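Each remark here refers to the structure printed beneath this line.
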Amino acid sequence: MRTLFGHPGQQTFLPRGVRCNWTQVLSLGFTLLSVVFLAGMVLLFLWQSLPVWRHSGVDFLFGDRWFFRQSEFGVLPMIYGTLVVSGIALGVSVPLGIGAAVFSFEILPSTYRLPLKIMVELLSGIPSVVYGLLGILFLRNWVYGLLTPFDPLSGDTLFTAGLLLGVMVLPTIMTLSDDAFGSVPAHQRLAARGLGLTRAETIFQVVLPQARRGIMAAVLLAFGRALGETIAVFLVVGRMDNVLPENIFSLRPFIEAGQTLTSKLGGSETHIAYGDPLHWAAMVGLALVLLAIAAGVTFCASFFIQGKEEPDATSF
Amino acid sequence: MAAIGIGLMMTSKLGAQDILKINGSSTVNPPAAEAAEILRSEKGFAIHIDTQGGSSGGISQLADGLAQIGMSSKHLSDDDRSKYPGINFVETRIGEDAVAMIVSGDVWEGGVRSLTKEQVRGIYEGRIMNWKELGGRDQRIVFFNKEPGRGTWEVFAKWIYGDAKLAPPVSFLEVGGNEEARNKVASTRGALSQLSSSWADGIRVFALSIGEEAGSTLDPTPANIASGKYPMSRPLYLLTNGQPQGMTKEYVDFLLSERGQELVRKHGYLSLNQLE
Chain B
1 MRTLFGHPGQ QTFLPRGVRC NWTQVLSLGF TLLSVVFLAG MVLLFLWQSL
51 PVWRHSGVDF LFGDRWFFRQ SEFGVLPMIY GTLVVSGIAL GVSVPLGIGA
101 AVFSFEILPS TYRLPLKIMV ELLSGIPSVV YGLLGILFLR NWVYGLLTPF
151 DPLSGDTLFT AGLLLGVMVL PTIMTLSDDA FGSVPAHQRL AARGLGLTRA
201 ETIFQVVLPQ ARRGIMAAVL LAFGRALGET IAVFLVVGRM DNVLPENIFS
251 LRPFIEAGQT LTSKLGGSET HIAYGDPLHW AAMVGLALVL LAIAAGVTFC
301 ASFFIQGKEE PDATSF
Chain P
1 MAAIGIGLMM TSKLGAQDIL KINGSSTVNP PAAEAAEILR SEKGFAIHID
51 TQGGSSGGIS QLADGLAQIG MSSKHLSDDD RSKYPGINFV ETRIGEDAVA
101 MIVSGDVWEG GVRSLTKEQV RGIYEGRIMN WKELGGRDQR IVFFNKEPGR
151 GTWEVFAKWI YGDAKLAPPV SFLEVGGNEE ARNKVASTRG ALSQLSSSWA
201 DGIRVFALSI GEEAGSTLDP TPANIASGKY PMSRPLYLLT NGQPQGMTKE
251 YVDFLLSERG QELVRKHGYL SLNQLE
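If you read the sequences in order, they're chains B and P. Be aware that the first sequence starts at 1, since it is given in this note's numbering, and climbs by one per residue. Be aware that the second sequence starts at 1, since it is given in this note's numbering, and climbs by one per residue.
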């Protein structure tokens with residue numbers, strides 16, 4: 001069949017031996033475009049944040065004091081806040097999301113599976129500012145009441161923000177895990193049941209190990225989303241600067257207010273920083289740090305997903 | 001692709017001329033938004049109004065050309081002017097407002113009705129941490145600081161320290177717009193914050209009087225604000241780049257008219273003729 005642009009694999013104006021078609025040309029073009037944009041963005045961030053690196057050096061990363069009027073810029077408390085909030089979010093959403101996926105794919109009759117999946121995916125279509133307002137109106141008061149025995153300062157805590165983010169990334173984990181279960185061949189389930197494994201054993205011994213890579217990808221993708229979420233976190237995290245526990249494993253700061261990289265960037269300081277080269281550089285530096293963490297997670301994701309061979313445990 | 005790019009640029013340029021964009025202080029916002037609503041329905045104006053970043057957000061968006069009017073609840077400082085040397089800021093005052101220290105219901109019921117400047121300073125510098133020390137119940141003070149760049153914060157810092165630049169570095173819970181401050185104070189035990197006094201509803205959040213050395217107290221009444229006796233009062237401004245023209249001028253003139261001034265009073269602020 002011939003189409004306007006020729007069929008796939010058709011030889012065009014390129015030298016003989018080089019196979020090319022419009023799809024390839026366009027996708028190459030757009031891939032290059034995205035690479036150029038990314039590189040340009042990183043260079044711009046590096047360039048604009050240069051004054052703060054000159055001013056603080058590595059103390060920008062490892063300093064624990066941020067007072068812009070005194071020209072002190074230390075990002076560590078915000079890195080801590082970002083990691084804690086995202087960590088809590090994953091702690092909440094990973095078991096729930098995978099559990100929900102197991103239920104929808106392995107247990108629920110297929111007639112109900114699609115409506116359920118659509119409903120969960122609708123959750124991810126809710127704008128994050130709406131989640132944030134729900135957080136302000138209900139979640140922070142609920143958490144405040146729940147934590148009363150521990151006497152938190154207010155309902156704005158890292159825990160509140162993490163819980164809210166957990167709900168927000170739940171659809172990502174659930175739908176992607178569900179897809180991962182879908183990629184496990186049905187005959188393996190039949191074989192497992194035929195060998196006398198119960199349904200639970202089939203899920204835990206056969207399906208989950210085989211879907212492992214897909215689930216890992218889902219978790220890391222959710223982690224990436226949690227790192228970058230701004231508005232919802234902004235509204236319930238308390239935006240308290242310079243919160244860094246002396247003991248990094250202490251759980252106490254979880255129920256106190258904090259600051260994340262995104263809540264700082266989303267706040268009013270960017271407006272003040274504009275026009276002051278050093279302060280502006282510090283804000284751009286925050287963005288660069290966030291970008292670096294997100295890039296690190298993505299790198300780990302591709303390493304995990306591609307780097308591991310399947311063990312032989314599932315072949316029988 | 002270039003054609004699309006040029007097309008986008010043209011539409012955004014046209015858009016900037018047709019749509020009046022207003023941004024800034026959430027204190028100025030209620031009368032300004034209602035005025036925008038009236039002009040929208042009566043004259044068919046297209047007006048976008050937002051409170052991104054408070055007063056300093058209004059100033060920076062006006063300077064960047066992202067807005068034609070900035071709303072500000074503080075006097076423009078020399079720093080602001082020197083940051084944007086190419087911009088000819090024109091301040092049009094539309095009213096006057098007072099900032100008060102506001103507390104949650106449990107503090108009010110606990111018997112705290114006024115704070116002196118020294119007491120507020122002690123709280124801000126972390127020396128006073130319990131309402132017990134101020135004649136209230138045994139309850140930690142939860143101070144929600146207005147984030148930097150908010151007009152409210154600058155008025156507060158100027159009252160305590162004489163100049164916002166002299167305020168010491170502190171780390172408190174931070175709140176942004178007035179709605180957020182009111183909501184969070186109302187729902188937290190032992191809460192204290194700075195807020196435009198007309199936003200304290202007397203049901204969930206309460207405005208404290210300012211205690212004076214002689215033991216008397218000052219309330220943000222119209223008389224005290226107009227006479228300048230109440231220390232934390234501040235003008236409410238519309239900022240423009242150069243003298244307002246066209247749609248911008250019509251909007252500013254509307255807020256200065258008797259109908260516009262009525263809106264200022266309706267939202268709890270002092271109109272210009274109350275100040276004379």
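Where a beta carbon is used, it is the ideal one built from N, C-alpha and C, also for glycine. No experiment lies behind these values; they were computed from the predicted model shown.
At least 8 Å separates the CB of G86 of chain P from every CB of chain B. Under a 10 Å Cβ-count criterion, D64 of chain P is classified as exposed, with fewer than 16 other Cβ atoms of the shown protein chains found around its own Cβ. Taken residue by residue, none of the region 253-267 of chain P has a beta-carbon sitting less than 9 Å from a beta-carbon on chain B. Around the beta-carbon of Y124 of chain P, 16 or more other beta-carbon atoms lie within 10 Å, marking it buried.
Membership of G135 of chain B in any alpha helix (DSSP H) is not indicated, and neither H nor E is assigned to it by DSSP. L286 of chain B has its alpha-carbon roughly 37 Å from the corresponding atom of V25 of chain B. Residues of the same chain with a CB within less than 6 Å of the CB of V252 of chain P, apart from the 5 flanking positions on each side, are T92, L238, P244 in chain order. A Cβ-Cβ distance of about 5 Å is found for the pair E174 of chain P and N145 of chain P, placing them in contact under the 8 Å criterion. Listed along the chain, the chain P residues whose CB falls inside 7 Å of the CB of Y274 of chain B are S60.
Per DSSP, K146 of chain P lies in no alpha helix (DSSP H) segment; the continuous beta strand (DSSP E) that holds it begins and ends at 142-146.
Only exposed fits W47 of chain B, as fewer than 16 other CB atoms lie within 10 angstroms of its CB. Within the model, the alpha-carbon separation for L195 of chain B versus I88 of chain B is close to 39 Å. Excluding the 5 residues flanking it on each side, F254 of chain B has same chain C-beta neighbours closer than 6 Å at L158, F159, in chain order. Buried is the label assigned to N178 of chain P, since at least 16 other Cβ atoms lie within 10 Å of its Cβ. Among the CB atoms of chain P, one or more fall inside 8 Å of the CB of L153 of chain B. In this model, L165 of chain B and L190 of chain B are separated by some 38 Å (Cα to Cα). When the beta-carbon positions are compared, V289 of chain B and V94 of chain B stay at least 8 Å from each other. Secondary-structure assignment with DSSP links F89 of chain P through a beta bridge to P:N241. By the C-beta density criterion, D138 of chain P is exposed, having fewer than 16 other C-beta atoms within 10 angstroms. Not a single C-beta of chain B is nearer than 8 Å to the C-beta of L39 of chain P. In this structure A46 of chain P is in contact with L20 of chain P, their Cβ atoms being roughly 7 Å apart against a cut-off of 8 Å. Of all alpha-carbon atoms in B:F181, B:L244, B:L61, the one lying nearest the alpha-carbon of V207 of chain B is that of B:F181. With 16 or more other CB atoms across the displayed protein chains lying within 10 angstroms of its CB, D241 of chain B is buried.
Beta-bridge partners assigned by DSSP to S233 of chain P: P:A98.
Residue-level contact check: Q48 of chain B does not touch chain P, since none of the beta carbons of chain P fall below 8 Å from its beta carbon. Not one beta carbon of chain P lies nearer than 8 Å to the beta carbon of E246 of chain B.
Taken in chain order, the complete alpha helix (DSSP H) segments of 4 residues or longer contained in the region 164-221 of chain B are 186-194. In this structure, DSSP gives E246 of chain B a state outside helix and strand, which the three-state scheme calls coil. Distance between F299 of chain B and V84 of chain B, taken at the CA atoms: about 20 Å. Shown here for D18 of chain P: same chain residues with a beta carbon closer than 7 Å to its own, the five before and five after excluded, namely A46 in chain order.
When the five nearest sequence neighbours on each side are left out, the beta carbons in the same chain lying within less than 6 Å of the beta carbon of I87 of chain P are those of A63, N241, in order along the chain. Taking a 10 Å sphere around the C-beta of H279 of chain B, we find 16 or more other C-beta atoms and assign the residue as buried.
Around I59 of chain P, the same chain offers G70, D80 as residues with beta carbons nearer than 6 Å, after the five sequence neighbours per side are excluded.
V175 of chain P sits in a strand when the DSSP states are folded into three classes. In this structure P77 of chain B touches Q259 of chain B by the C-beta definition: roughly 6 Å separates them, less than 8 Å. Beyond the five residues adjoining it in sequence on each side, L123 of chain B comes within less than 6 Å, by CB distance, of P171 in the same chain, given in chain order.
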